[in-house]
């Protein structure tokens, strides 16, 4: 809220005698004032103006209101907007702004005015309170009321939707918010080993899902180069992040069920709703994070159930790829999102290489997994493999080759620029052979990097780069290179990378 007041002496604003200083503000026509202010702003929020009489003085309050309405079109297809005491059709720009404004609405932050704190499950509140004190380690323990306010379960002492969802009683959640169910099933062939369905608050559901998941985890014994290792068939961190993603990002405006299905070789998690805030299956790994339920996310972050926004997908990917498993697959339907993760499969060389490393990168792991199987890949293929997890694929490939240069390198031929496993690492990855680069491979690589830096190069530029003293030598080298394009003739010729290598 913004309060508009009048001050008698603006040169003496430091005075502490506010009662004498405040002169109030003239009473305004609230409808007309709202109309005129909105006409000056290109904003995404609603405003409400109110005259407040206090101690015989008038003050004007301006409220910024959460947008709770939905957009409704007339039978003729017009979307209208209220303007003062009238309404009119919205312009295309206003419709766009209104839609974006609706995306800013946070369902989980709404307060439940008529719901008492007795709607919270006392046992789960005590458990959450105990964990909070352990995490915060404050000198003086807060009261339970202050604790609930601090984590966001209440706002100004009033229960929020996110708070009820987090610690509420099952019947009150169903009555006030909706029926949010969970199902966890483990089925291999016709053998149904687990099939649990439940509803209730998030605190209890996280614990229950964790216990059910742990029943599915077994250790796989592997041997690599004479050393023995034990590896889980399912990674706990990958599951935790995927399940929390489903909980925090699902659409709570509709009833529905979060389902976890384990087949023995694959784990999939489905949640109601669609992607939010311009996120898609193609950009989810690198798009700036968007929270549909911001208040709920903050509650979960307090308990470190979720980390800073955007980390969940990263950890899911890394904790799949370090075992040699596929990158998680995200799918969106009209009313749900599904993520599937490979289970059980192990690439021993990848596990040994990455085990215990503190810093790992999604593009690196995707390329390393592929190279351990194929021995070499062209750079356009590399770009295509990692475009879902990084915006700048060229930089990611070069960084990868530098970080893992003990095992691999970039090489060049007339046909293409490649990433390949080095000869001395073929046995480590249990490969039969790798591609043999030509003697002048380093010259192709130098030309490639020069063209990455400069869009166009001339014959003279290439001669200087490669140390050729005669133009015929340069022309002979450039002749037949399939990954560059030429324009012009003779010494006026210029060269650039072909489209797939740019």
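Residue numbers (this note's numbering): 25 to 526. Where a beta carbon is used, it is the ideal one built from N, C-alpha and C, also for glycine. Quantities reported herein were computed from a predicted structural model and do not represent experimental measurements.
Taking a C-beta distance under 8 Å as the contact criterion, residue 263 and residue 299 do not qualify as a contact pair.
Sequence-distant Cβ neighbours of residue 480 in its own chain, meaning closer than 6 Å and more than five residues away, are 518, 520.
Between residue 130 and residue 318, the CB-CB gap stays under 8 Å. If you ignore the 5 residues before and after residue 326, its C-beta comes within less than 6 Å of the C-beta of 175, all in its own chain and listed in chain order. Counting of Cβ neighbours within 10 angstroms places residue 160 among the exposed residues, the total staying below 16. When C-alpha distances from residue 84 are compared across 55, 316, 51, the shortest belongs to 51. Its Cα nearest to that of residue 185, the residue 144 stands out among 144, 151, 156. Put simply, of 472, 82, 500 the residue whose alpha carbon is nearest the alpha carbon of residue 404 is 472.
Distance check between residue 207 and each of 271, 183, 495 places 271 closest, using alpha-carbon atoms only. Contact between the segment 225 to 241 and the segment 349 to 361 is absent, with fewer than three C-beta pairs closer than 8 Å. Per DSSP, the beta-bridge partners of residue 435 are 442. By the beta-carbon neighbour count (other beta carbons within 10 angstroms, threshold 16), residue 265 is buried. Here DSSP, grouped into helix, strand and coil, assigns residue 179 to strand. Exposure of residue 504 is indicated by the presence of fewer than 16 other C-beta atoms within 10 angstroms of its C-beta. Using a Cβ distance threshold of 8 Å, residue 418 and residue 476 count as a contacting pair. Contact check between the segment 303 to 322 and the segment 409 to 427: three or more CB pairs, one atom from each, fall below 8 Å, which counts as touching. Annotation for residue 160: no beta strand (DSSP E) segment contains it, though the alpha helix (DSSP H) segment containing it runs 146 to 160. A check of alpha carbon separations from residue 221 across 282, 200, 243, 164 identifies 282 as the nearest.
If you draw a straight line from the Cα of residue 365 to the Cα of residue 400, it is about 26 Å long. If one requires a minimum length of 4 residues, the alpha helix (DSSP H) runs lying completely within the segment 282 to 361 are 318 to 326, 335 to 345, in chain order.
In the displayed model, residue 50 falls within coil according to three-state DSSP, outside both helix and strand. The Cβ-Cβ distance between residue 136 and residue 183 falls below 8 Å. When secondary structure is reduced to three states using DSSP, residue 474 falls in the helix class. The beta carbon of residue 442 sits closer than 6 Å to the beta carbons of 400, 402, 435 from its chain, once the five residues preceding and following it are set aside; these are given in chain order. Under DSSP, residue 76 takes part in a beta bridge, and its partners are 83. Apart from sequence neighbours up to five positions away, the residues of its chain that approach residue 462 with a beta-carbon distance below 7 Å are 437, ordered along the chain.
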